[in-house]
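To start, the structure itself, in structure tokens.
In this note's numbering, the protein residues as written are 340 to 612.
Laid out in structure tokens, this is it:
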């Protein structure tokens, strides 16, 4: 079975027509201009800590790394959700870890959009079912996935999506060699400056703006493909996928998925569709 077939199997063999385009290292890697609304720079994004003690140091490293940006800072706060459901909270990111089961995914990042491209909340899940295995239970893999998934909720895409290309030295490069890819690089910080070079006339980095988006969006448990909506993109090797759940009126949830390698995935009763 090819890796693409394996991804479709994990996704519940959803019948979708997907146009797969060649992916190359990007001169810019903004994620469709998704960004937090704010009235000035630098601004601060809260990261809710819903991870186990095993993950605390990796979350701290990720927070410290991204705070080196000239346009944004991060601060770790107490989490506001159960890690298993990892529900969103308006105006901040929630970062969660749990044994989510043999789902096929290693990590997922979801952004909650209002008015088309403004992020109003973000969630990150890292799956301890796989991080407790010898393949992924390494500092390099934990740093890469945590750093990358949090980077997605700022509006960053990948610099490269070819798993077998030489590593670029950034966590926004999903590579078979995680060692050089544990932290952001200069190009990531430059891209954040481009994304956030303009300011808005309102801020979405505040819980008081919960009314700008249906509360139902935040209450969802985005456990698996059945809750992620339409598959809209996939890397050529099937290692990453992007889904869109559209609520209408510019409100949608975009979920980015990192899949485990084919030989590490064993379908079972823990797969939730």
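Yeah, the Cβ is synthetic: ideal placement off N, Cα and C, and Gly gets one too. This structure is a prediction, so every number in the text was calculated from the model and none was measured.
field: 8 Å CB neighbourhood of residue 417 in its chain, flanking five on each side removed
entry: 387 and 388
- request: Closer than 7 Å by C-beta to residue 518: which residues in its own chain qualify, once you throw out the five before and the five after it? Chain order, please.
  value: 479
- prompt: Less than 8 Å separating the beta-carbons of residue 452 and residue 593?
  reply: yes
- prompt: Hey, how far is the Cα of residue 489 from the Cα of residue 516?
  reply: 20 Å
query: Helix or strand or just coil, what does DSSP make of residue 451?
result: strand
- prompt: In this structure, what does DSSP give as the bridge partners for residue 433?
  reply: 387 and 462
message: Taking its Cβ as the centre, do 16 or more other Cβ atoms sit within 10 Å of residue 470, making it buried, or is it exposed?
response: buried
Sequence-distant residues of its chain with Cβ nearer than 8 Å to residue 579 (five each side left out): 497, 500, 513, 573, 595, 596, 597 and 598
- prompt: In the DSSP assignment, what are the bridge partners of residue 374?
  reply: 457
task: Could you check the C-alpha separation between residue 440 and residue 413 for me, to the nearest Å?
output: 29 Å
- request: Please work out which residues of its chain come closer than 8 Å, Cβ to Cβ, to residue 589, disregarding the five sequence neighbours upstream and downstream, and give them in chain order.
  value: 452, 453, 454 and 455
query: Taking the Cβ atom as the reference point for each residue, do residue 528 and residue 408 lie within a distance shorter than 8 Å?
result: yes
- prompt: Do residue 494 and residue 369 come within 8 Å of each other at the CB atom, strictly closer than that value?
  reply: yes
query: Excluding sequence positions up to five away, which residues of its chain have a Cβ less than 7 Å from the Cβ of residue 503?
result: 515
field: Whole-Å CB distance - residue 405 paired with residue 436, under 8 Å assumed
entry: Not quite, the Cβ-Cβ distance comes to about 18 Å (not below 8 Å), so this is no contact.
message: If you reduce the DSSP assignment to three classes, tell me which class residue 534 lands in.
response: helix
- prompt: In whole angstroms, what separates the C-alpha of residue 485 from that of residue 461?
  reply: 14 Å
- prompt: Is residue 530 buried or exposed, if buried means 16 or more other CB atoms sit within 10 Å of its CB?
  reply: buried
task: Note down, in chain order, each residue of its chain lying with its Cβ closer than 6 Å to the Cβ of residue 569, except the 5 sequence neighbours on either side.
output: 583
message: Do residue 384 and residue 411 have their beta-carbon atoms positioned less than 8 Å apart in this structure?
response: yes
query: Can you give the Cα-Cα distance for residue 466 and residue 438, rounded to whole angstroms?
result: 6 Å
query: Would residue 402 be called buried (16 or more neighbouring beta carbons within 10 Å of its own) or exposed?
result: buried
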